[in-house]
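First up is the structure itself, then whatever we jot down about it.
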Amino acid sequence: MRGAIGRLAKALSLSHPVRILMSLRAETPLVLGWLRPVILVPTSALLHLSPEAMEAVLANELAHIHRGDYLINLLQTLAESFLFFHPAAWWLSRQIRELREHCCDDIAADLCGDPMILADGLSTLERLRRSSHLDSEPALAAAKGPLMHRIFRLLSPKDVPVPSLRG
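The opening position of the sequence shown corresponds to residue 2 in the numbering used here, with each subsequent residue numbered one higher.
Here it is in structure tokens:
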């Protein structure tokens, strides 16, 4: 896994090393810190993800580090704190978070060469997250949440022309 992180970090031109730590409490992989970033990976992910899917998920987290999403997230949280009363601020914040994930998904899919691997890793992580809760939510296939939207977006053809209202 260290070799994969080193190779991915080199491909993203990350100048500082990134450590990976296993966590029993983390439900999904996440990045902590900005000076010396650390990726926390749930221990269950090691048992259930294929090596390729794990590499794709780690590429997604490294993409967040590469893009400096910690700073955007900090500024976004400050804006939410000041504009907590305004529904448009919350809507805009959700849109920004979703677009950040889309950007990182695209980077990770490009690094892995196959978006299906990333989609498989994301769906497996979601199944693991949901199975760890006693009060299970609806099945992943029936969900219309942001994760399913991310997976459909990853697997949809990129060269589809956008329909025009002129015609």
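Backbone N, C-alpha and C fix where the C-beta goes; we use that ideal spot for every residue, glycine too.
Run of the beta strand (DSSP E) containing residue i, from where it starts to where it stops
i          : result
residue 31 : 31-33
residue 23 : 20-24
residue 36 : Neither: residue 36 is in no beta strand (DSSP E) and is coded neither H nor E.
Contact test: residue i Cβ vs the ligand NAP heavy atom, cutoff 7 Å
i          : result
residue 95 : No copy of the ligand NAP occurs in the structure displayed, which carries no ligand at all.
Alpha helix (DSSP H) segment containing residue i, residue limits
i           : result
residue 55  : 52-68
residue 107 : 88-113
residue 27  : First-last for residue 27: undefined, no H or E at that position.
residue 9   : 3-12
Separation of residue j from residue i, as counted between CA atoms
i           : j           : result
residue 16  : residue 36  : 11 Å
residue 45  : residue 130 : 9 Å
residue 41  : residue 153 : 26 Å
residue 127 : residue 29  : 8 Å
residue 9   : residue 120 : 18 Å
residue 159 : residue 47  : 31 Å
residue 59  : residue 102 : 13 Å
residue 99  : residue 93  : 10 Å
Classification of residue i by the beta-carbon crowding that lies within 10 angstroms, buried from 16 upward
i           : result
residue 142 : Caution applies to residue 142, whose pLDDT of 44 falls short of 50 and renders its modelled position unreliable; the model cannot decide the point.
residue 111 : exposed
residue 125 : buried
residue 55  : buried
residue 20  : exposed
DSSP three-state assignment for residue i, whether helix, strand or coil
i           : result
residue 41  : strand
residue 17  : coil
residue 158 : coil
residue 132 : helix
residue 84  : coil
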